[in-house]
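Working notes, beginning with the structure itself.
Residue numbers (the working numbering): 73 to 136.
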């Protein structure tokens, strides 16, 4: 843990990633004390808009 703390003080990209993971963890635990940036929903929507749409195949009934 000490090594991670040292790296976090020197690496802004790692700090940002750590912060996002902490936020995701708090959201999954339904932590009521998390502070969300007002633009979170906008950023998530924009990220999802760039993802391909996955279509689930339709089940075919067999006459067994």
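For each residue, glycine too, the CB sits at the ideal point set by N, CA and C.
Cβ pair residue i, residue j closer than 8 Å
{"i": "residue 90", "j": "residue 80", "result": "yes"}
Length of the line joining the Cα atoms of residue i and residue j
{"i": "residue 98", "j": "residue 105", "result": "8 Å"}
{"i": "residue 87", "j": "residue 124", "result": "29 Å"}
{"i": "residue 133", "j": "residue 127", "result": "19 Å"}
Reference residue i; option with closest CA among the options
{"i": "residue 122", "options": "129, 128 and 114", "result": "114"}
{"i": "residue 112", "options": "102, 96 and 101", "result": "96"}
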